[in-house]
Structure formats: C-alpha cells, structure tokens
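Residue numbers (my numbering): 3 to 257.
Positions of the beta carbon are idealized from the N, C-alpha and C atoms, including for glycine.
On a predicted model such as this, the values are computed, not experimentally measured, just so you know.
Accompanying notes for the structure given below.
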Amino acid sequence: MGRIIAIANQKGGVGKTTTAINLSACLAEAKKKVLTIDLDPQGNTTSGLGVDKNETDNTVYELMLGECTVKECIQKTQIEELYLIASDVNLAGAEIELLGINDKEYILKNAVDYIKDDYDFIIIDCPPSLNMLTVNAMTTADTVLVPIQCEYYALEGLSQLIHTIDLVQQRLNPNLQLEGVVFTMYDARTNLSLQVVENVKNNLNTTIYKTIIPRNIRLAEAPSHGLPINLYDSKSAGAESYRLLAQEVMNRKDI
C-alpha cells in the first residue's frame, strides 16, 4: 500500500510547491510510482510539472464536486512513473460550493481510497492556508511533511499548523502523523540560517530531515520551464538535495 504525504505550511513562500514537485520527481526517478495531487488553486505544481492547467478538463475541482471520477482526473506527466491530478483557479471557489455537503472533510479521501494501492507514493501539495482543502489533504494523508524556510520568522505559525494536525488527528484522522520538517532556502553564507535550524531543533519535538534544501538559482528557474530540477539541471545542488530527501523519505521505517 502506498504512502500518502501532505506537504503543508500555511505560510506562503516556504518552498512547499518546490518540494512537492521535486520530491515527486525524485521519487519517480528512483523507480517509485508516484501520484502528485495539486490541491492549491494557484496550480503551480501543475504548471511546474509541465502540464497546461488551461488545457485540462478534469481537475481536482471537478473531482471535489463529484463531476468526474478519480481515474478520469489522473494524467501522465513527461516523467516516467509520475502522474498528476491537476488544479486550476476554479478550486478557489470549492470551499463555498462544498458548504452544506455532509462529510465534506472526507471528499478527497473517499476518492483516493479507490486508487491508493496503485501507487508507491501519493504527494499532496496543500494551499498556503489552513482551510477545507488542507483539512481534506490531512484526512487523506498518512503523514504531513512541513517545509520551513530558514528565516527569522520560521517558527511563527508552526505551532498553529501543529495544532491543526493535532485537531485533525483527534477528530477526523486518528492515524495522521507528522512526517517531519524539512528546511528550505538554506544559505550557508549567513549565520541566520544556522540559527534557525538550531532553534527549530531545540524547540520542536519531531523528526527533522537531515537533508537541507539550499537556496539555489537553478531551483528557482526550473518551474518557468515546466520541469522539475532533476530534469532541468540534473547536477545542480538543488537536484542533489531533493534526491537525498527522496532517499530519506523512502528509508523512513517508523511510519
């Protein structure tokens, strides 16, 4: 049975989508069958994997509203072993449209249950807010992976996210666990990055991945070409880091 990992942080700009794209691609490169679900209305994971969101008929929005089946949403990407359920701006209105629907917290889970055994990993990119879409991701997921930017306010909001994970655990998905924290945008030239890493390690009782994702210009460029970093610049520091992260994720035995 596949592992389902939601990548979540209500703060924007922490490398969440970058992590969703490149972790998925590096798991697929390691010959794992991967499904990436773009649950962010901005659709950046969709375009970052080279899929035109305007040319996609069945997105996660249609799935959430019951207008298509989960299998009708899944499309191949340019990467072997990597599949996608795309997103577009319509998803922004889904929360209002789902008002009054019973068990709306479980819509995604009920759909994914049909296909989860077909994949080694299902990666869900959450929107940068703690809304109904994020709750749907957390009821579907086995674990939550939290990217944290190496900057001064890194811990701000993290306690709120952990509180949300605890609430979902208590009320909706008792099996949900915190996969751990991954540091992004690390700049070895600054003392601040080092201090943030130490601060989080001292204040957070959770798994912290050894792999730290550096600030890397090639990582920033890759999405504009619709390519994950391991295809855009296979030998870059960003590509090597995400390969190491994928290896760590595959090696986790305690989940």
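Of the residues the options, which one's Cα is nearest the Cα of residue i?
i: I150; options: T48, N232, A143 and P130; result: P130
i: T145; options: K33, N133 and P176; result: P176
i: Y85; options: P216, Q172, L247 and K33; result: K33
i: M254; options: K212, A222, V36 and Q77; result: The sequence given here has Arg at residue 254, not Met. Of the listed residues, the one whose Cα sits closest to R254 is K212.
i: I2; options: M134, C128 and N56; result: Residue 2 falls outside the range modelled here, since the chain spans only 3 to 257, and no answer is possible.
i: K35; options: T208, D119, V53 and S226; result: D119
i: A224; options: I214, D235 and L101; result: D235
i: Q179; options: S238, Y121, V148 and T192; result: V148
Taking the beta carbon of residue i as the centre, do at least 16 other beta carbons fall within 10 Å, making it buried, or is it exposed?
i: K13; result: buried
i: D42; result: buried
i: I231; result: buried
i: D90; result: buried
i: A143; result: buried
i: K40; result: It should be pointed out that residue 40 corresponds to Asp in this sequence rather than to Lys. Classification of D40: buried, given that the 10 Å Cβ count is 16 or more.
i: Y116; result: exposed
i: I219; result: exposed
i: N201; result: exposed
i: G15; result: exposed
i: T136; result: buried
i: L229; result: buried
i: S226; result: exposed
i: Y155; result: exposed
i: K203; result: exposed
What three-state label does DSSP hand residue i in the structure shown?
i: L67; result: coil
i: V146; result: strand
i: G182; result: strand
i: I214; result: coil
i: R254; result: coil
i: D127; result: strand
i: Y108; result: helix
i: K203; result: helix
i: Y244; result: helix
i: Y188; result: strand
i: I164; result: helix
i: Q249; result: helix
i: L84; result: strand
i: K73; result: helix
i: I6; result: strand
i: K78; result: strand
Contact between the segment 22-32 and the segment 157-167: three or more CB pairs below 8 angstroms? The segment 22-32, when compared against the segment 157-167, does not touch it at the 8 angstroms Cβ threshold.
Contact the segment 15-22 vs the segment 41-49: 3+ CB pairs below 8 angstroms: yes
Evaluate the contact criterion for the segment 65-84 versus the segment 93-100: three or more CB pairs, one atom per stretch, below 8 angstroms. The segment 65-84, when compared against the segment 93-100, does touch it at the 8 angstroms Cβ threshold.
Could you give the uninterrupted runs of the beta strand (DSSP E) lying entirely in the segment 8-56, keeping only those of 3 residues or more? DSSP runs (the beta strand (DSSP E)) wholly in the segment 8-56: 36-40.
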